[in-house]
Amino acid sequence: MKLELEDRVALVTGASRGIGLGIATKLAAEGAKIALAARGADALNAAGAAVGGGASVHVADVTDPAAAATLVHEVERQWGRLDILVCNVGSGASVPPGKETAAEWSRVIDLNLFATTNMIDAARPLMARGSGDRAIVCISSIAGMAALGAPVTYYGAKAAVNATVRGLARPLALEGIRINAVAPGNILSADGTWARKIAENKAAVDDMLQREVALRRLGTPEEIADVVAFLASPRAAFITGSIVVADGGQLRS
Numbered sequence: 029m030k031l032e033l034e035d036r037v038a039l040v041t042g043a044s045r046g047i048g049l050g051i052a053t054k055l056a057a058e059g060a061k062i063a064l065a066a067r068g069a070d071a072l073n074a075a076g077a078a079v080g081g082g083a084s085v086h087v088a089d090v091t092d093p094a095a096a097a098t099l100v101h102e103v104e105r106q107w108g109r110l111d112i113l114v115c116n117v118g119s120g121a122s123v124p125p126g127k128e129t130a131a132e133w134s135r136v137i138d139l140n141l142f143a144t145t146n147m148i149d150a151a152r153p154l155m156a157r158g159s160g161d162r163a164i165v166c167i168s169s170i171a172g173m174a175a176l177g178a179p180v181t182y183y184g185a186k187a188a189v190n191a192t193v194r195g196l197a198r199p200l201a202l203e204g205i206r207i208n209a210v211a212p213g214n215i216l217s218a219d220g221t222w223a224r225k226i227a228e229n230k231a232a233v234d235d236m237l238q239r240e241v242a243l244r245r246l247g248t249p250e251e252i253a254d255v256v257a258f259l260a261s262p263r264a265a266f267i268t269g270s271i272v273v274a275d276g277g278q279l280r281s
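FYI, the numbering for the sequence shown is 29 to 281, going by this note's numbering.
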C-alpha cells in the first residue's frame, strides 16, 4: 500500500533507539522528511546517521515544556511546517506495585504523560497552520488498558495517555489534525528490557509467551513502526481518537 508520505515533515521524539528509531526509519523509507529528538546526543547522532536522507537531530528533554517548544521552533526553522508528530518518549521502569511514592509518581508521569502532552501543546499551533492530512500518533502501551504485572505508576501514566488521545480527538479535528495512539505489547529491541530478560532467563520468557501471548512471540520495533506509519498517513484519514493495539494477542478483551 502506498502511504502517500512523500515530502511530509515528521518529528519523532524518543527516536534514538528501539521503537522510536524504527518509526523514524520507516517514515523516512516512505519518503518523509524526518526530525529526530532524544535526550542523549551520541545515540541520537548515530540514529540520525542510520535514518539518513538528510534527517535532522535535536537534543531535547521534552518533559520540560520550554524544551518542547524550542524543539518545535527548531523544526519550523528547518522545514517550515510540521505534518506528523510521533510522541514516543516513555519508560515502564518503576517500583514494584505497592511501593509507589509521590516522587516516583511524579517522575513516571513526567516521562510517560507530560512528555507527550508537552509535545502536543507545543506542536499544535504549527500543525494547525498546515494543510492536508496532519496527524499525531502517541505511543502508549497495553499496560494502559489492563493489569498485566507492570508497575502501577506506568499503568496510570499510559491510561492517561489513552484518555488524552480520546479527549483531544474532537478539538483537534476542528483544526484539521487527527490524533491516535498505538498500544504495543512486549517488543524486543537490541538494548531493551526484553533483550535483558532473555539474556537472564530465556526459558522464563518463552514460558510467559506460551501462556500469555496468542502469537507466542515478542514483537519488533518495525512491526510497531508499520502501524504508526499507517496511522500517520492519509490512508488513515477517517481514523482519529483510536487506541490501536499491537500486542500479538496478549490482551483478553
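Note that the Cβ used here is the ideal one computed from N, Cα and C, for glycine as well.
| Asked | Found |
| --- | --- |
| Is it true that the CB of R206 sits closer than 8 Å to the CB of I148? | no |
| Consult DSSP for S84 and reduce its assignment to one of helix, strand or coil. | strand |
| Out of curiosity, what's the CA-to-CA distance linking K127 and D138? | 18 Å |
| Have a look at A78 and T53 and give me their C-alpha separation to the nearest angstrom. | 8 Å |
| Would DSSP call R162 helix, strand or coil? | strand |
| Buried or exposed, going by whether 16 or more other CB atoms sit within 10 Å of the CB of K30? | exposed |
| Tell me whether V37 sits in a helix, a strand or coil according to DSSP, three-state version. | strand |
| At what residues does the alpha helix (DSSP H) containing N214 begin and finish? | Looking at the DSSP string, N214 is not in any alpha helix (DSSP H), and its letter there is neither H nor E. |
| Taking a contact to mean a Cβ-Cβ separation below 8 Å, would you say S168 touches A209 in this structure? | yes |
| Give every residue of the same chain whose Cβ lies closer than 6 Å to the Cβ of E104, excluding the five residues on either side of it in the sequence, and list them in chain order. | L154 |
| Can you check which of these residues, S281, G76, A38, G269, is closest to R198 by C-alpha distance? | G269 |
| Label H101 either buried or exposed according to how many other C-beta atoms from any shown protein chain fall within 10 Å of its C-beta, with 16 as the threshold for buried. | exposed |
| Which partner residues does I207 have in the DSSP bridge list? | I164 |
| Check whether the Cβ atoms of A83 and L99 sit closer than 8 Å, and answer yes or no. | no |
| Do R36 and D219 come within 8 Å of each other at the CB atom, strictly closer than that value? | no |
| Of all the options A201, A74, D70, V193, which has the alpha carbon lying nearest to the alpha carbon of F142? | V193 |
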